[in-house]
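Written out below as structure tokens is the structure these notes cover.
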Amino acid sequence: MEGVIVLVIIAWLIPKLINAVKKAGKSGKQAQSASRPAAAPRQTPSVQMNRPAPAMKRQTPGVAHSAHRDFSAPDAPCIVCEQTGEDHFQRDKARRLAQLDDWLKIGLIDRNEYRVMRDRYERGI
Numbered sequence: 137m138e139g140v141i142v143l144v145i146i147a148w149l150i151p152k153l154i155n156a157v158k159k160a161g162k163s164g165k166q167a168q169s170a171s172r173p174a175a176a177p178r179q180t181p182s183v184q185m186n187r188p189a190p191a192m193k194r195q196t197p198g199v200a201h202s203a204h205r206d207f208s209a210p211d212a213p214c215i216v217c218e219q220t221g222e223d224h225f226q227r228d229k230a231r232r233l234a235q236l237d238d239w240l241k242i243g244l245i246d247r248n249e250y251r252v253m254r255d256r257y258e259r260g261i
């Protein structure tokens, strides 16, 4: 019983002692900083306000209208195509057509819609 009381008193005293030490350290730092001369305040960087804002770059009319662009060939050469001889566009077209066939089989689309979409995929529209 006496040991529990001693532990409670120690647990109560330790935070009090820590706070007292912290306060003593702060007051010592304040005394040191008060003895030093004050440093000059930092200068705010100035910005030239009479500069014109940069104009936005305009795209050329041929590039701006994506409806007129030709998407049948990639803009940059594909390294995979050059090394393996694989044509990504033909592979994608085959996948789309196979997917269309599956949709027709499971009944997601009817025959008329299938014919229209297959025609579009084959023509590349």
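Following the numbering used here, the numbering of the sequence shown begins with 137 at its first residue and continues without gaps.
The C-beta atom is built at its ideal place from N, Cα and C for all residues, glycine as well.
From a predicted model like this one, the values you see are computed outputs, not experimental measurements.
Query                                                                                                                                                                 : Result
Less than 8 Å between the beta carbons of ARG254 and LEU236, yes or no?                                                                                               : yes
With a threshold of 8 Å on Cβ separation, who are the neighbours of ARG247 within its own chain once the five nearest residues in sequence on each side are excluded? : LEU240
Can you tell me whether ASP255 is helix, strand or coil according to DSSP?                                                                                            : helix
Rounding to the nearest angstrom, what Cα-Cα distance links LEU143 and LEU153 in this structure?                                                                      : 15 Å
Hey, LEU233 and TYR250 are a contact pair by Cβ (cut 8 Å); roughly how many whole angstroms apart?                                                                    : Contact flag wrong, Cβ pair sits at about 10 Å.
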